[in-house]
Amino acid sequence: MDLNLEDVRDLSNMGPVELLYHLADTLLGTMEKQIESPMHLLSDFVESVTWSEPFILGLIVFQIVVLTAVLVSRRKLVLQVVWFVFIAVSVFFAEPLNNWGRQNWPSFSTQNYFDRNGLFAMIFFAGPLLLIANVILVNLSVRTMVLAT
Numbered sequence: 001m002d003l004n005l006e007d008v009r010d011l012s013n014m015g016p017v018e019l020l021y022h023l024a025d026t027l028l029g030t031m032e033k034q035i036e037s038p039m040h041l042l043s044d045f046v047e048s049v050t051w052s053e054p055f056i057l058g059l060i061v062f063q064i065v066v067l068t069a070v071l072v073s074r075r076k077l078v079l080q081v082v083w084f085v086f087i088a089v090s091v092f093f094a095e096p097l098n099n100w101g102r103q104n105w106p107s108f109s110t111q112n113y114f115d116r117n118g119l120f121a122m123i124f125f126a127g128p129l130l131l132i133a134n135v136i137l138v139n140l141s142v143r144t145m146v147l148a149t
């Protein structure tokens, strides 16, 4: 908050209650801006993705297929472990895949989604896989509790 001489004079002429209200208004205004900022970033991100692009659709279908396979095989312990290892290895290689995508994006995409920090790879690839891995862990925990009782 930048204050100039007039602002300081205005503040010095305020009574304690007025000053308190002014500070509360200023703080609330600042908090509103900070809350809106991530939402604007998220909406900008969603708008910047070409959702009809085959590459994006392929990633979404891949996540749906993996989730479906995990849910269908939920009663088969060995398959759950295999899926968990597959997911762990895939997430482990998310950074090299992101680097490869950053270098070769024109061959499979209309725009470069791959930044140096790997945000896109995290949101579209590793993030959903980690959520699916948590589904596996919850399933295995429930099965363990059932066996223990």
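Using my numbering, the first residue of the sequence shown is number 1, and each one after it goes up by one.
The beta-carbon is built from N, C-alpha and C at its ideal position, and this holds for glycine as well.
In this structure, A126 places its C-beta atom within 8 Å of the C-beta atom of V91. Remark: C-beta atoms of V66 and I136 do not approach each other more closely than 8 Å. In this structure, DSSP gives S107 a helical state, which the three-state scheme calls helix. Each of N117, P106 and N112 was checked against the Cα of P96, and the nearest Cα belongs to N117. For the pair of segments examined, the stretch 79-86 was found not to touch the stretch 106-113: the number of CB pairs separated by less than 8 Å stays below three. Setting aside the 5 residues that flank it on each side, N13 has no residue in the same chain whose C-beta is closer than 7 Å to its C-beta. Separation of R74 and Q103 (C-alpha to C-alpha, rounded to the nearest whole angstrom) is 38 Å. Between F45 and the set L130, L129 and I123, the nearest pair of CA atoms involves I123. Judged by their CB atoms, F108 and F55 are nearer to each other than the 8 Å cut-off. For F62, the closest of V17, L129, T144 and M145 by C-alpha to C-alpha distance is L129. Residue nearest to N98 within the set A121, V89 and K76 is A121 (criterion: CA-CA distance). With a contact defined as Cβ atoms closer than 8 Å, N134 and Q80 miss out at about 12 Å.
Here T144 carries a helix assignment [DSSP, helix/strand/coil]. Distance check between R143 and each of V78, W100 and L119 places V78 closest, using alpha-carbon atoms only. Only residues of its own chain outside the window of five on either side were considered, and among them F124 and F125 have a CB closer than 7 Å to the CB of L59, listed in chain order.
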